[in-house]
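Quick note: to get my numbering, add 5 to the position in the sequence shown (first position is 1).
Report on one structure; see the data block that follows.
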Amino acid sequence: MGNPAMFSQNALKVLEKRYFMRDEQGSIVEGTEELFRRVATAVAAAEKRWGDEQTVATLTETFYQAMLNQEFMPNSPTLMNAGKRNGQLSACFVLPVPDSLEGIFETCKNAALIHKTGGGTGFSFSRLRPANDRVASSVGVASGPVSFMAVYDAATEAIRQGGTRRGANMGMLRVDHPDIEDFIGCKRDTSRLNNFNISVAATDAFMNAVEQDSDYDLIHPRSKEPVRKVRARDIFARLVDNAHATGEPGLIFIDRINNSDPITSAVDESGNVIAGTEDIEATNPCGEQPLGPGDACNLGSINVARFVKDGDFDWSRLEEMVKTGVRFLDNVVDVNHYPLPFISQATLNNRRIGLGIMGWAESLIALGIPYNTEEAVEKAEQLMKFIQNAAHKASQELASVRGTFPNWRFSAWCDKGIPMRNATVTTIAPTGTISIIAGTSSGIEPLFAISFIRRVLGGMELLDVNPVFEKAAHDGGFYSEEIMARIAHEGTLAHIEEIPDEIKRVWVCSHDIPYIWHVRMQVAFQKHVDNAVSKTINFPREATLDDVHNAYMAAWQQGLKGITVYRDASRSSQVLNIGKTDPLKKIVVTPIKKAQSAGRSGTATSPRASHDHNFNKQKRHKSQSTTNLVELARREFQPKVDYIYNNPCPECSSSSGVSTKYESCSMCVSCGYTKC
Numbered sequence: 006m007g008n009p010a011m012f013s014q015n016a017l018k019v020l021e022k023r024y025f026m027r028d029e030q031g032s033i034v035e036g037t038e039e040l041f042r043r044v045a046t047a048v049a050a051a052e053k054r055w056g057d058e059q060t061v062a063t064l065t066e067t068f069y070q071a072m073l074n075q076e077f078m079p080n081s082p083t084l085m086n087a088g089k090r091n092g093q094l095s096a097c098f099v100l101p102v103p104d105s106l107e108g109i110f111e112t113c114k115n116a117a118l119i120h121k122t123g124g125g126t127g128f129s130f131s132r133l134r135p136a137n138d139r140v141a142s143s144v145g146v147a148s149g150p151v152s153f154m155a156v157y158d159a160a161t162e163a164i165r166q167g168g169t170r171r172g173a174n175m176g177m178l179r180v181d182h183p184d185i186e187d188f189i190g191c192k193r194d195t196s197r198l199n200n201f202n203i204s205v206a207a208t209d210a211f212m213n214a215v216e217q218d219s220d221y222d223l224i225h226p227r228s229k230e231p232v233r234k235v236r237a238r239d240i241f242a243r244l245v246d247n248a249h250a251t252g253e254p255g256l257i258f259i260d261r262i263n264n265s266d267p268i269t270s271a272v273d274e275s276g277n278v279i280a281g282t283e284d285i286e287a288t289n290p291c292g293e294q295p296l297g298p299g300d301a302c303n304l305g306s307i308n309v310a311r312f313v314k315d316g317d318f319d320w321s322r323l324e325e326m327v328k329t330g331v332r333f334l335d336n337v338v339d340v341n342h343y344p345l346p347f348i349s350q351a352t353l354n355n356r357r358i359g360l361g362i363m364g365w366a367e368s369l370i371a372l373g374i375p376y377n378t379e380e381a382v383e384k385a386e387q388l389m390k391f392i393q394n395a396a397h398k399a400s401q402e403l404a405s406v407r408g409t410f411p412n413w414r415f416s417a418w419c420d421k422g423i424p425m426r427n428a429t430v431t432t433i434a435p436t437g438t439i440s441i442i443a444g445t446s447s448g449i450e451p452l453f454a455i456s457f458i459r460r461v462l463g464g465m466e467l468l469d470v471n472p473v474f475e476k477a478a479h480d481g482g483f484y485s486e487e488i489m490a491r492i493a494h495e496g497t498l499a500h501i502e503e504i505p506d507e508i509k510r511v512w513v514c515s516h517d518i519p520y521i522w523h524v525r526m527q528v529a530f531q532k533h534v535d536n537a538v539s540k541t542i543n544f545p546r547e548a549t550l551d552d553v554h555n556a557y558m559a560a561w562q563q564g565l566k567g568i569t570v571y572r573d574a575s576r577s578s579q580v581l582n583i584g585k586t587d588p589l590k591k592i593v594v595t596p597i598k599k600a601q602s603a604g605r606s607g608t609a610t611s612p613r614a615s616h617d618h619n620f621n622k623q624k625r626h627k628s629q630s631t632t633n634l635v636e637l638a639r640r641e642f643q644p645k646v647d648y649i650y651n652n653p654c655p656e657c658s659s660s661s662g663v664s665t666k667y668e669s670c671s672m673c674v675s676c677g678y679t680k681c
């Protein structure tokens, strides 16, 4: 079985844990090369409908090389399931939640079937009548949306005990639902609803009322009649307070999403709504993929760091990869095995795909551009505009051969006379484990940290240093054990005088960056994305309620479709935060190197892994000095990292937990596991 050298130790562990095919005895029966060959062969099989055997063979090799060279990766379900019997390949689903007991539990069952196949689900609970509303059929009262979210959460928890990918949910409620205040606070107790992200679906009327400091109506979902008026700023303040405390709820601007979606509502001759044309009411778990009821989307990401050349992007190579990515994802729509008939119908009617990027932070470092600068924002716009235009062109070329998507006649594309194979084409999705496989930084996020210490199974604490930065330190003549120790404990270069300013400018971490630059970077990408953008707006622990308020308002005013925030240390089980710890606690450290990238950690996740023969052969001469380095840091510097060991990661069993927010999703720093 083939595992090429460019794949890091941690990438291989992720692949072994979640992606490699196994036989009936549970033994791994493929390596990296075989996995990519399996996926490429299955996806290229769609070409048989339009081309000859040579075309199929050529595209199989093209898809294979794109993945093998870490230039493109599809979403996890495609990597896991392509080429398997009844393989379900989509990542994102939205399911309707009807206002009936039968409908509620039917949707719960359908969600379980989707989770079983590796998909994530989004729900709007806005159709449900409010708590304590009279139920005529039972002469009782309704329990309300939040109570049924708890039912869905419990079902997800049961399903996630098995399989290779845990279920994840997005729960949404319209801001004009009578139970909105209960919903906003439903995750204040962070032990509840752990299989849900939650977001408020904010309407234009609500946001305008916030700006104008006026009241707005809460509307009964069944009668459509106003039930009472509330002050918009009071609701907004409650939302901000909870987001400041826990990172949730996020905000989704639901009217903006529907107004920008190319599909318009349509009915057939019998007056029935045509599948896939319903209004969008929810998103997938991380918020980047708005979908109507029953619709689904498959995602893929280009590793743009692989296309940096001579101080810029290699635009011609990148354009070819965009064409490859669009073709790959369109093929997935055809070879996919959908879990339910109504999902198949809506998905095939719209053929939504979501091509995005990863490796943005690594690209900026390679280009010598700090993340929090005008130059970086301008480069982001230039890059995504190029990808968007190339992706639309590729979809149009496919339409000329394969035909437009069936709901094209009900779309803005039809109104413009532009044939498109896919209703939407681009999305910036969380890249989680696929960025580890690709050896790069996650999505459009800045670096999480340059160096940090993390705790893994068995209580061992491991020092994780970015190898590209370490090389830069040696090359620049500022490497020392003391400096590396300080970085390991502070997670930032900002306060280390010995490091040259030009290095500090480029090697910025998430918490070095003022929130407004996070917002502006998301805005820059959103301008040229069909769907939405998954990103976390990170705040330091001392951030105020006003800071969160201003970020939410900036997101609204600058045209975002949604926003997620996270304040450092705002969750009790956070993996890594800035603060005090026990200075007497001894660290037993094995030196671990991250992936061959400037971004996402590619570290081993167990003590056994740190003793890999080849790894130690390369690093044996550094082992003692690295251990001394950390002991020196404990002795001479005020420690800056708090560890709280409850909430172990379900993927790698790290006892550090998985509560850090990254790409709008809870993330485990140790292995890259995300709940989305």
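Yeah, the Cβ is synthetic: ideal placement off N, Cα and C, and Gly gets one too.
For clarity, every value in this text was computed on a predicted model and none was experimentally measured.
Nearest to V340 by C-alpha distance, out of Q75, N303 and Y24, is N303. For the stretch 166-226, the full-length alpha helix (DSSP H) segments reaching 4 residues or more read 185-189 and 209-217 along the chain. Taking the Cα of A237 as reference, the smallest distance to any Cα among P226, D209, K566 and N263 is reached at D209. The shortest C-alpha to C-alpha distance from G373 to any of H479, S321, E547 and K509 is the one to K509. DSSP places C97 in the uninterrupted beta strand (DSSP E) bounded by C97 to L100.
CA-CA distance, V205 to G7, rounds to 46 angstroms. In the DSSP assignment, R27 forms a beta bridge with I33.
Close CB contacts of G361 within its chain, under the 6 angstroms cut and outside five residues either way in sequence, are with S306, T432, I433 and A434 (chain order).
In the three-state scheme derived from DSSP, where H, G and I count as helix and E and B as strand, C291 is classed as coil. Under the DSSP definition of a beta bridge, R233 partners with L223.
Assigned with DSSP and collapsed to three states, F68 falls in helix. Annotated three-state conformation of I542 is strand, per DSSP.
Ranked by how close their Cα comes to the Cα of N308, the residues M175, L198, T445 and D222 have T445 in first place.
C-alpha of T569 to C-alpha of R356: approximately 27 angstroms in a straight line. Here K121 carries a helix assignment [DSSP, helix/strand/coil].
The beta-bridge partner set that DSSP reports for F128 consists of L100 and G176. For the set A559, T161, A443 and E35, the Cα lying nearest the Cα of N15 is the one of A443.
Here the alpha carbon of K476 sits roughly 39 angstroms from the alpha carbon of T63. Ranked by how close their Cα comes to the Cα of I279, the residues C113, D181, S416 and A385 have S416 in first place. In terms of Cβ geometry, M154 and G176 form a close pair [threshold 7 angstroms]. For Y520 and N543, the gap between their C-alpha atoms comes out near 6 angstroms. H249 sits away from V511, with the two beta carbons spaced by 7 angstroms or more.
With distances taken between CA atoms, F312 lies nearest to L369 out of N394, G172, H500 and L369. In this chain, the alpha helix (DSSP H) harbouring F391 covers E379 to R407. Proximity to K328 across A395, A404, G567 and I203 peaks at A395, based on C-alpha coordinates. Taking C-beta separations shorter than 8 angstroms and ignoring five residues to either side along the sequence, the partners of E52 in its chain run T60, V61, L64 and N336, following chain order. Using a Cβ-Cβ distance cut-off of 8 angstroms, the stretch 280-292 and the stretch 219-236 are not in contact, since fewer than three pairs of beta carbons, one from each stretch, lie closer than that value.
Here W55 is exposed, its C-beta having fewer than 16 other C-beta atoms within 10 Å.
In this chain, the alpha helix (DSSP H) harbouring I262 covers I259 to S265. Under the DSSP assignment, N308 falls in the beta strand (DSSP E) whose first and last residues are A301 to N308.
Here the alpha carbons of D260 and Q294 stand approximately 15 angstroms from one another. In the three-state reduction of the DSSP assignment, S416 falls in the strand class, which pools E and B.
Spatial neighbours of E503 in its own chain (CB-CB distance under 7 angstroms, excluding positions within 5 residues in sequence) are listed in chain order as F483 and I488. Bridge partners of F77 according to DSSP: I307. Boundaries of the beta strand (DSSP E) harbouring M363: I358 to M363, taken from the DSSP string. DSSP, reduced to helix, strand and coil, places T436 outside both helices and strands of the structure shown, so it counts as coil.
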